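These notes concern the structure reproduced below.
Structure representation (structure tokens):
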């Protein structure tokens, strides 16, 4: 996640929110939300190096495996639950989406949009895309779930989530027109119906 | 070039308390002494004190060495000292020996002021809460009203946790390592085996063995052997000892001696060695007291077992650490505490270290573990330099 994209996503989080950041990485987004938006809350992260980075930054971090669920968090106990570049790493991405809606009043999900035009072009040429946003080869990618902007709309509908905002993100800019084609990142803000 | 830093010199101290300390059981102890050590310097506003609580087989000698005794490192010397994760350049660290122990503070082998006789089995049962109360009295004497942090592993972690419940306005941070909010039935069962080993030793004499001039060493040995099994993981035990034989019999296809009483396997030899060593310095009554304190600890008990309700009175910020192969106090036990703290919207970070060493890992040098604790204390140190950060801490209890 680039800094520009991080700032664009932070803009979706209301001032003073209680936030849960699933797959919080090195805690940069949470630290930003603490400093600029007086937010509080926790990050969840599995990787040892990232956990240490969060402690260094002074961000609350819980080393838990998301694939084992969110049982330590009570229903509707956070204003905002973030899943930024996390969904694509999860074995049970759909369960986690439902859990996000259970734990948070609002969910914000961002993930690489596989239907971004350079990816389409690459597939047309017969090769899996390798881009700045998706920098891995097909055989070593940690992204075990590849989906598109449109795919997520279908999944959200299937799980009874009400999308309150959605757009593409490219170089830190909102893409409202043809996001499925023109944006490298898909962003959805939703609530439980 | 390797620079060998001069080891920090530790000096044991003692504080006497004449007044009776009321205990949870209803009994009390008076005219008692607490042995303690301090490292580093208390700053001008007395805000940099860190209390270290000890587990079963440890003492106030947390760090450094005694003058002229190079090999007398404290039990957590890898964690605490100049330049260590808990850096004594920044913090004033206090180690206290608990009441009922056998390492300097008043315990069963001392004289009962009412009878003039050695306490023995008459030393009152002490709890984690009682220890914390005694530690608080020591801090009063040292002029410390609020701790920058309280830190402990295993049973020491229970004391750190109890501090945040008993004295919420006196603790800014609690670091709770390889601990649990209470013992499981299996934990209590292991303690009971150890206690039965001691109590049924003919040399125990109902706990008054001192006047018979004997020590129930057989019982202590077995207690320690059982304990040691629970401190290690299955994997690490296999890796260290496997099925290795001590002296394989040459010429025998199996290497076995076909005896039922010889020490043949390396693991037997190791456990007996640990048992022998322990039985020479540890007090049998202390072992009974400390294992009982473990059994009784259960802060959720008065809240109908609701740990979240119990934690509502906490005000400290927490760092919890567990180790994946610790089956004595498993990560699941730490996650219970995480959940209860999250329910109360407390500041908490939790590291689950994938270390192979079982419960013992909390005393070892895993870099991930050390780094997390180091960085956490660096943040606390940073707060010390930012007085407004200290002022925001208010007691959670009304």
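Residue numbers (this note's numbering), protein chains in the order written: chain C, 548 to 740; chain P, 10 to 407. No residue lacks a Cβ here, since even glycine has one placed at the ideal position from N, Cα and C. Since the model is a prediction, treat every value here as computed from it, not as a measurement.
Beta-carbon separation (whole angstroms), residue i vs residue j, contact threshold 8 angstroms
i                      : j                      : result
residue 602 of chain C : residue 592 of chain C : Not quite, the Cβ-Cβ distance comes to about 10 angstroms (not below 8 angstroms), so this is no contact.
residue 370 of chain P : residue 332 of chain P : 4 angstroms
residue 160 of chain P : residue 184 of chain P : 4 angstroms
residue 626 of chain C : residue 652 of chain C : 5 angstroms
residue 181 of chain P : residue 157 of chain P : 6 angstroms
residue 621 of chain C : residue 352 of chain P : 6 angstroms
residue 372 of chain P : residue 172 of chain P : Their Cβ separation, rounded to whole angstroms, is 21 angstroms, which puts residue 372 of chain P and residue 172 of chain P out of contact at 8 angstroms.
residue 650 of chain C : residue 618 of chain C : Not quite, the Cβ-Cβ distance comes to about 10 angstroms (not below 8 angstroms), so this is no contact.
residue 672 of chain C : residue 656 of chain C : Not quite, the Cβ-Cβ distance comes to about 29 angstroms (not below 8 angstroms), so this is no contact.
residue 550 of chain C : residue 380 of chain P : Not quite, the Cβ-Cβ distance comes to about 25 angstroms (not below 8 angstroms), so this is no contact.
residue 611 of chain C : residue 643 of chain C : Not a contact, Cβ separation roughly 12 angstroms.
Beta-carbon gap between residue i and residue j smaller than 8 angstroms
i                      : j                      : result
residue 660 of chain C : residue 555 of chain C : no
residue 134 of chain P : residue 37 of chain P  : no
residue 628 of chain C : residue 708 of chain C : no
residue 683 of chain C : residue 677 of chain C : yes
residue 243 of chain P : residue 225 of chain P : no
residue 368 of chain P : residue 239 of chain P : yes
residue 73 of chain P  : residue 19 of chain P  : yes
residue 706 of chain C : residue 645 of chain C : yes
residue 641 of chain C : residue 702 of chain C : yes
residue 346 of chain P : residue 117 of chain P : no
residue 132 of chain P : residue 303 of chain P : no
residue 328 of chain P : residue 358 of chain P : yes
residue 111 of chain P : residue 300 of chain P : no
residue 322 of chain P : residue 170 of chain P : no
residue 728 of chain C : residue 662 of chain C : yes
residue 106 of chain P : residue 44 of chain P  : yes
residue 306 of chain P : residue 137 of chain P : yes
residue 559 of chain C : residue 736 of chain C : yes
residue 571 of chain C : residue 580 of chain C : no
residue 654 of chain C : residue 552 of chain C : no
residue 163 of chain P : residue 233 of chain P : no
residue 590 of chain C : residue 606 of chain C : yes
residue 114 of chain P : residue 338 of chain P : no
residue 330 of chain P : residue 360 of chain P : yes
residue 165 of chain P : residue 62 of chain P  : yes
residue 71 of chain P  : residue 83 of chain P  : yes
Neighbouring residues, chain P, relative to residue i (Cβ below 7 angstroms)
i                      : result
residue 619 of chain C : 344, 347, 348, 351
residue 595 of chain C : 377
residue 607 of chain C : 356, 357, 358
Interface partners of residue i on chain C, CB under 7 angstroms
i                      : result
residue 385 of chain P : 602
residue 360 of chain P : 598, 610
residue 380 of chain P : 599
residue 230 of chain P : None at all; the shortest Cβ gap to chain C is about 38 angstroms.
Listed by chain order, chain C residues near residue i by CB distance under 8 angstroms
i                      : result
residue 66 of chain P  : Here the premise fails: no neighbours, minimum Cβ distance about 28 angstroms.
residue 181 of chain P : None at all; the shortest Cβ gap to chain C is about 14 angstroms.
residue 191 of chain P : The contacting residues do not exist; residue 191 of chain P stays about 18 angstroms from chain C at best.
residue 388 of chain P : 602, 603, 605
The ligand ZN heavy atom lying under 7 angstroms from the CB of residue i
i                     : result
residue 64 of chain P : Only the bare structure without any ligand can be found here, which leaves the ligand ZN out of the picture.
Under 8 angstroms by beta carbon: chain P residues contacting residue i
i                      : result
residue 686 of chain C : Simply none; closest approach about 26 angstroms.
Contacts that residue i makes with chain P (C-beta to C-beta distance below 9 angstroms)
i                      : result
residue 683 of chain C : By Cβ distance, chain P contributes nothing, its closest Cβ being about 24 angstroms from residue 683 of chain C, past 9 angstroms.
### Task
Pick out the complete beta strand (DSSP E) segments inside the segment 640-713 of chain C, 3 residues or longer, and give them in chain order.
651-659
### Query
In chain order, which continuous runs of the alpha helix (DSSP H) of length 4 or greater are located wholly inside the segment 324-372 of chain P?
340-352
### Task
Please confirm if the segment 80-100 of chain P is in contact with the segment 280-296 of chain P, defined as three or more CB-CB distances below 8 angstroms between the two stretches.
no
### Message
Below 8 angstroms, how does it come out for the segment 53-64 of chain P and the segment 16-32 of chain P: are there three or more Cβ pairs, yes or no?
### Response
no
### Message
For the pair the segment 629-647 of chain C and the segment 688-700 of chain C, tell me if three or more CB-CB distances fall below 8 angstroms.
### Response
The way I'd put it, the segment 629-647 of chain C does touch the segment 688-700 of chain C; three or more beta-carbon pairs between them come closer than 8 angstroms.
### Message
Can you confirm whether the segment 96-116 of chain P touches the segment 191-202 of chain P when touching is taken to mean that 3 or more C-beta pairs between the two stretches lie within less than 8 angstroms?
### Response
They do not touch, by the three-pair rule.
### Query
Should the segment 122-137 of chain P be regarded as contacting the segment 211-222 of chain P, the criterion being three or more beta carbon pairs within less than 8 angstroms?
yes
### Query
Mind pulling the beta strand (DSSP E) runs of 3 or more residues that sit fully within the segment 60-110 of chain P?
101-105
### Query
Which ranges does the beta strand (DSSP E) cover as unbroken runs of at least 3 residues, wholly within the segment 136-202 of chain P, from first to last along the chain?
158-162, 182-186
### Task
Could you pull out every unbroken alpha helix (DSSP H) segment of at least 4 residues lying fully inside the segment 241-286 of chain P, listed in chain order?
243-249
### Message
Could you tell me which whole beta strand (DSSP E) segments of length 3 or greater appear in the segment 26-56 of chain P?
### Response
Listed in chain order, the complete beta strand (DSSP E) runs (minimum 3 residues) inside the segment 26-56 of chain P are 41-48.
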